[in-house]
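Below: one structure, written as C-alpha cells.
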C-alpha cells in the first residue's frame with residue numbers, strides 16, 4: 257500500500273506547504289462520503305484511516321469538532337466549550353500522528369517523545385482546570401461574560417462565536433501540533449537524521465522543564481487563592497499558609513510572591529514557550545526557521561497577548577494595588593532593574609516610608625527650635 261505521504265527527497269521538502277499539504281487537501285472533500293459508505297464496517301473505516309493523509313484526517317476532525325462546539329455553545333449559551341477541550345486536544349492530535357505512524361510501520365523516537373511530553377502537559381493542565389471547577393456543569397470562563405457585554409449584539413456575537421471561539425480556537429489547537437506532522441515526514445526523508453541525538457534530547461528536556469515551571473506557577477497561585485478564601489471566611493491566615501502569606505498579602509487579593517514576583521504571568525510564559533520549543537525543534541531538524549507550521553505558534557502567542565490584556569484589565573479594576581504591581585513587575589519578561597514585589601519588598605518599602613516620616617518630623621522639629629532661638 258502506497259502511503260498517503262509526500263515524496264520527500266530532502267529535509268527541506270518536509271517543511272514546504274505546497275509539497276506536504278496542498279496535494280492532499282482534495283482528500284478532505286471526499287472523506288465524508290467515504291465514511292458514510294463505510295458505515296459500521298471497522299475494516300473499511302480502518303482502510304479509510306490508513307489511506308488518508310494524517311494531517312487531512314486531523315483537519316477533518318478539527319472542522320467537525322468546531323461545528324459541534326458552535327452548536328453546543330449556542331444551545332447552552334455557554335462559550336467555554338473549547339476551553340474544556342483546550343488541555344486535551346493537543347494530545348489527541350499528537351497521539352493520532354503517532355498511532356497512524358505505528359499502524360503503517362513507521363517508528364520514530366522523536367514522535368514518541370513528543371507524544372509523551374504532550375500527555376504530561378495535558379494531564380497537568382487538565383487537572384488544574386478541573387480543580388478550578390472548569391468541568392462543572394454550567395461553568396464558564398468569567399472573561400466571556402465581559403466579551404459579551406462589550407459586543408452587546410446577539411448577531412455580532414454569534415458571528416464572533418462562529419469564526420473565533422469555535423473555529424479559530426479549534427484550528428489553533430491543531431496548528432500548534434503541526435510540527436509533529438513535520439517529524440513524521442522527516443522519518444521518510446533520506447537526508448534526515450535517524451537517531452535521537454543530543455539536540456533532540458535538549459529540546460525535549462527543555463519542554464519538560466517548562467511544564468515543571470508551569471506546574472509550580474499554577475500551584476503557587478492555587479495556594480494563594482485557597483489561603484485567601486479561607487482568610488475571607490475566618491479573618492485568619494490558615495496555619496499551613498502562614499509561612500507563605502501574611503494578612504497583608506491576602507488583603508491585596510492577588511499573588512505577588514514566588515515566581516509571580518519575577519513576572520506577572522509565569523504560567524503563561526511557560527505555556528507559550530512549550531509550543532514555541534516544539535516549533536523550533538522542528539525548525540532545527542529541517543534547517544528552515546520560517547515555515548508554515550509557525551502559524552500555529554504565532555497565533556498562540558497572539559491569542560495569549562489578547563487574553564492577558566483582558567485579564568489584566570479586569571484585575572486592575574478589581575484590585576486597587578494591581579496597577580502598582582504592573583508598574584513594578586514585567587508581564588512576561590522579568591524587569592531585572594526593579595526589585596520584585598514580594599512580602600520582603602513590601603516590608604522594606606514600609607520601613608523606608610517610616611524612616612522618611614521620622615526624618616521629616618525631625619527636620620520640622622529642628623526648624624522650630626532654630627526659630628525659637630532666633631527670637
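In this note's numbering, the protein residues as written are 257 to 631.
All C-beta atoms, glycine included, are put in the ideal place defined by N, C-alpha and C.
Cβ-Cβ distance between residue i and residue j below 8 Å
i	j	result
residue 344	residue 378	yes
residue 510	residue 398	no
residue 436	residue 370	yes
residue 353	residue 310	yes
residue 358	residue 390	no
residue 542	residue 271	yes
residue 422	residue 326	yes
residue 284	residue 316	yes
residue 430	residue 314	yes
residue 575	residue 508	yes
residue 549	residue 538	yes
residue 426	residue 362	no
residue 515	residue 480	no
residue 552	residue 434	yes
residue 484	residue 506	yes
residue 570	residue 407	no
residue 439	residue 364	yes
residue 544	residue 268	yes
residue 396	residue 320	no
Unbroken alpha helix (DSSP H) run spanning residue i, endpoints
i	result
residue 482	454-490
residue 306	298-307
residue 365	365-387
residue 290	282-294
residue 579	578-584
residue 352	345-359
residue 528	522-542
residue 552	550-574
residue 439	434-442
residue 506	503-508
residue 321	310-332
residue 340	337-341
residue 401	398-407
residue 445	Looking at the DSSP string, residue 445 is not in any alpha helix (DSSP H), and its letter there is neither H nor E.
residue 425	425-431
residue 410	410-416
residue 450	Residue 450 -> no alpha helix (DSSP H), and no H or E assigned at all.
residue 273	273-276
Inter-residue CB distance, residue i and residue j (contact presumed, cutoff 8 Å)
i	j	result
residue 463	residue 533	5 Å
residue 260	residue 307	6 Å
residue 581	residue 512	6 Å
residue 585	residue 517	7 Å
residue 276	residue 441	6 Å
From the options, residue whose alpha carbon lies closest to that of residue i
i	options	result
residue 524	558, 543, 454 and 259	558
residue 338	418, 440 and 566	418
residue 560	482, 522 and 478	522
residue 291	439, 302 and 282	302
residue 278	263, 267 and 288	263
residue 453	334, 494, 540 and 392	540
residue 415	392, 330, 585 and 588	330
residue 312	300, 287, 547 and 342	287
residue 529	293, 547 and 460	460
residue 328	394, 361, 296 and 488	394
residue 567	536, 400, 258 and 589	400
residue 527	289, 321, 487 and 468	468
residue 478	465, 497 and 374	497
residue 380	266, 476, 470 and 487	470
residue 475	410, 383 and 405	383
residue 413	465, 333, 298 and 482	333
residue 360	466, 405, 504 and 304	304
residue 466	531, 411 and 420	531
residue 387	482, 535, 348 and 428	482
residue 424	409, 411, 404 and 342	342
Contact test: residue i Cβ vs the ligand SAH heavy atom, cutoff 7 Å
i	result
residue 400	The ligand SAH is not among the ligands present in this structure, which contains no ligands whatsoever.
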